[in-house]
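Taken in order, the sequence shown gives residues 1 to 441; the numbers are from the UniProt record's numbering. C-beta: ideal position from N, C-alpha, C; glycine also. Please read these numbers as outputs of a predicted model, since none were measured by experiment. What follows is a short report on a single structure.
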Amino acid sequence: MSEERLVVLVIGGGGREHALCYALKRSASCGAVFCAPGNAGISNSGDATCISDLDISNSSDVISFCQRWGVGLVVVGPEVPLVAGLANDLVKAEIPTFGPSAEAAALEGSKDFMKKLCHKYGIPTAKYQTFTNPSDAKQYIKEQGAPIVIKADGLAAGKGVVVAMTLEEAYEAVDSMLVEGIFGSAGCSVVIEEFLEGEEASFFALVDGENAIPLESAQDHKRVGDGDTGPNTGGMGAYSPAPILTEELKSLVMSSIILPTVKGMSAEGCKFVGVLYAGLMIEKTGAPKLIEYNVRFGDPECQVLMVRLESDLAQILLAACKGELSGVSVKWSPGSAMVVVMASQGYPGTYKKGTVIRNLEEAESVAPSVKIFHAGTSLDSSDNYIAVGGRVLGITAKGRDIEEAHDRAYQAVDQIDWQEGFFRRDIGWRALPNKQYASQG
């Protein structure tokens, strides 16, 4: 009996979406993969058919596309369409959609919402208060002392968090958000929380509304420069697995953080369907605390997870949409994977667009396990790849262990001819047995 193969639409156009398309394309049950809007690299790699003119902010356009092409699963990559309610509209039109409703996406869309849920359901997180009045906020900061963390309540493209080491820095952050309004409506209220010390880790779980299953661990590097220096970015590289997330710690995170969240959301009447990405702080005592939730796959962690995934991604995501995750097991390749992000000079500040990137084919042929994911590329009139974003490429490699994955990824990076690009040389340094990598310039 030949089952009809699934047609999938991935929403988004970055490195995370390229990785999802790549894994879906490899899924035996998947017949065709569309990506909207996608990008030049996704399209040229053959990992998906890109629909660049589909307006993903217009739900009725997305619905009519799905109906016309018989799409049986929509996977929403970025947070903005989720917070805007795309998943609500698709589910109403009876199109299976992997991604939370707007109400459930408030776990990422509002830091205050997340903190209140943690408080109500006893989920370990940093002590906090929320403010809309700058002088009240400063009074609280003065009482608590520095270091202290100030966060814009809403979505600020990963830039709305200030870790203030002095009271002056903290007051400045309050003024820039509440008085000058640098984040617009996202910064109308601020969450001020205690500074946690320890090692950060990223934890991913798939959720079907009632059940959750953990995915493999990964760790990313947020800061722009070697040795974890400079401003925070959307992520300059990642590796999987993360040695800090032992099996024991994983089950503790599931029981103390993920499952209470899933049950709490269900009890609040906004069941969560999608991927929960928990940013954790593992304290010196070994206890995990929740720093933040994202309601979608992390970027660039998604890239290392998808190259290690051996199960049929389309079937797993469909099971989540149908509330059938209990009993699903996910198979991963042994060994490790690493991704090194290449970004445009100047990122995360202002950067030049339109610079030419060469030698990508040579880079990808360094080893069979090397895969280049495109995040911010386009083609010029001569069919050269050009950089049109801040984070542009994710050079990903698998290896028997973290060292082999590291060496292959950097061999591939070194093949790429892009004068205006830059990258960190020390991705994975915490996990590498030989810490010398951390000091290479």
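So, using beta-carbon positions, are residue i and residue j closer together than 8 Å?
{"i": "Ser336", "j": "Asp414", "result": "no"}
{"i": "Arg424", "j": "Met236", "result": "yes"}
{"i": "Gly264", "j": "Lys116", "result": "no"}
{"i": "Ser398", "j": "Val330", "result": "At residue 398 the sequence reads Lys, which differs from the Ser that was named. In this structure, Val330 does not lie closer than 8 Å to Lys398 by Cβ."}
{"i": "Tyr22", "j": "Asp47", "result": "yes"}
{"i": "Asp175", "j": "Pro134", "result": "yes"}
{"i": "Leu252", "j": "Phe203", "result": "no"}
{"i": "Ser43", "j": "Cys50", "result": "yes"}
{"i": "Leu393", "j": "Met342", "result": "yes"}
{"i": "Ser59", "j": "Leu24", "result": "no"}
{"i": "Ser185", "j": "Gly154", "result": "yes"}
{"i": "Ile244", "j": "Ala201", "result": "yes"}
Count the other CB atoms within 10 Å of the CB of residue i; is the residue buried (16 or more) or exposed (fewer)?
{"i": "Ser326", "result": "exposed"}
{"i": "Pro334", "result": "exposed"}
{"i": "Pro433", "result": "exposed"}
{"i": "Glu199", "result": "exposed"}
{"i": "Thr396", "result": "buried"}
{"i": "Gln419", "result": "exposed"}
{"i": "Ala287", "result": "exposed"}
{"i": "Arg68", "result": "exposed"}
{"i": "Met338", "result": "buried"}
{"i": "Ala314", "result": "buried"}
{"i": "Gly323", "result": "exposed"}
{"i": "Thr377", "result": "buried"}
{"i": "Gln436", "result": "Unreliable positioning characterises Gln436 in this predicted model, as indicated by a pLDDT of 49, which lies under 50. The coordinate reading is nonetheless provided below. With fewer than 16 Cβ atoms within 10 Å of its Cβ, Gln436 is classed as exposed."}
{"i": "Gly122", "result": "exposed"}
{"i": "Glu168", "result": "exposed"}
{"i": "Thr97", "result": "buried"}
{"i": "Gln303", "result": "buried"}
{"i": "Asp53", "result": "exposed"}
{"i": "Ala40", "result": "buried"}
{"i": "Thr261", "result": "buried"}
Just the C-alpha distance for residue i and residue j, rounded to the nearest angstrom, thanks.
{"i": "Glu301", "j": "Asn384", "result": "27 Å"}
{"i": "Glu364", "j": "Lys371", "result": "6 Å"}
{"i": "Val83", "j": "Val76", "result": "11 Å"}
{"i": "Ile182", "j": "Val162", "result": "13 Å"}
{"i": "Trp429", "j": "Glu268", "result": "41 Å"}
{"i": "Ala218", "j": "Ala242", "result": "5 Å"}
{"i": "Asp220", "j": "Ala431", "result": "11 Å"}
{"i": "Ser256", "j": "Ser110", "result": "21 Å"}
{"i": "Gly354", "j": "Gly390", "result": "11 Å"}
{"i": "Lys142", "j": "Val328", "result": "50 Å"}
{"i": "Tyr171", "j": "Asp136", "result": "11 Å"}
{"i": "Gly227", "j": "Asp426", "result": "7 Å"}
{"i": "Lys250", "j": "Pro214", "result": "8 Å"}
{"i": "Val7", "j": "Ala319", "result": "15 Å"}
{"i": "Met1", "j": "Ala32", "result": "Here the model assigns Met1 a pLDDT of 36, short of 50, so the residue's position is not dependable, and the following value carries that caveat. Near 20 Å, if we compare the C-alpha coordinates of Ala32 and Met1."}
{"i": "Gln440", "j": "Asp417", "result": "Here Gln440 scores only 42 on pLDDT, less than 50, and its place in the model is too uncertain to base an answer on."}
{"i": "Tyr351", "j": "Glu283", "result": "36 Å"}
{"i": "Gly349", "j": "Pro368", "result": "35 Å"}
{"i": "Val62", "j": "Thr166", "result": "48 Å"}
{"i": "Ile95", "j": "Phe113", "result": "28 Å"}
{"i": "Leu290", "j": "Val275", "result": "16 Å"}
{"i": "Ser344", "j": "Tyr410", "result": "17 Å"}
{"i": "Leu73", "j": "Val388", "result": "29 Å"}
{"i": "Glu361", "j": "Asp299", "result": "23 Å"}
{"i": "Ala438", "j": "Val340", "result": "Residue confidence for Ala438 is low, a pLDDT of 43 falling below 50, so the modelled location carries little weight; the figure read from the coordinates is stated next. Whole-angstrom Cα-Cα distance: 14 Å."}
{"i": "Arg26", "j": "Ser311", "result": "9 Å"}
Under a three-way DSSP split, which group does residue i fall into?
{"i": "Asn313", "result": "Checking the sequence, you will find Leu at residue 313 rather than Asn. In the structure shown, Leu313 sits in a helix (DSSP, three-state: H, G or I)."}
{"i": "Ala40", "result": "helix"}
{"i": "Ile63", "result": "helix"}
{"i": "Asp220", "result": "strand"}
{"i": "Phe34", "result": "strand"}
{"i": "Asp153", "result": "coil"}
{"i": "Ile11", "result": "strand"}
{"i": "Glu292", "result": "strand"}
{"i": "Gln139", "result": "helix"}
{"i": "Ser57", "result": "coil"}
{"i": "Ile282", "result": "strand"}
{"i": "Gly230", "result": "strand"}
{"i": "Trp69", "result": "helix"}
{"i": "Arg424", "result": "coil"}
{"i": "Met342", "result": "strand"}
{"i": "Arg5", "result": "coil"}
Could you tell me if the beta carbon of residue i falls within a distance shorter than 7 Å of some heavy atom in the ligand ATP?
{"i": "Met114", "result": "With respect to the ligand ATP, the structure shown offers nothing to examine, as it has no ligands at all."}
State whether the segment 184-197 contacts the segment 121-140, with contact taken as three or more CB pairs (one from each stretch) at a distance under 8 Å. Three or more Cβ pairs closer than 8 Å define a contact, and the segment 184-197 meets that threshold against the segment 121-140.
So does the segment 92-106 actually touch the segment 139-155, counting three or more Cβ pairs closer than 8 Å? Touching, no.
Does the count of Cβ pairs from the segment 247-267 and the segment 209-224 closer than 8 Å reach three? The segment 247-267 makes contact with the segment 209-224, as at least three CB pairs between them are under 8 Å.
Mind the definition here: the segment 30-48 touches the segment 6-14 only if three or more C-beta pairs lie below 8 Å; say whether that holds. Contact holds: three or more Cβ-Cβ distances are below 8 Å.
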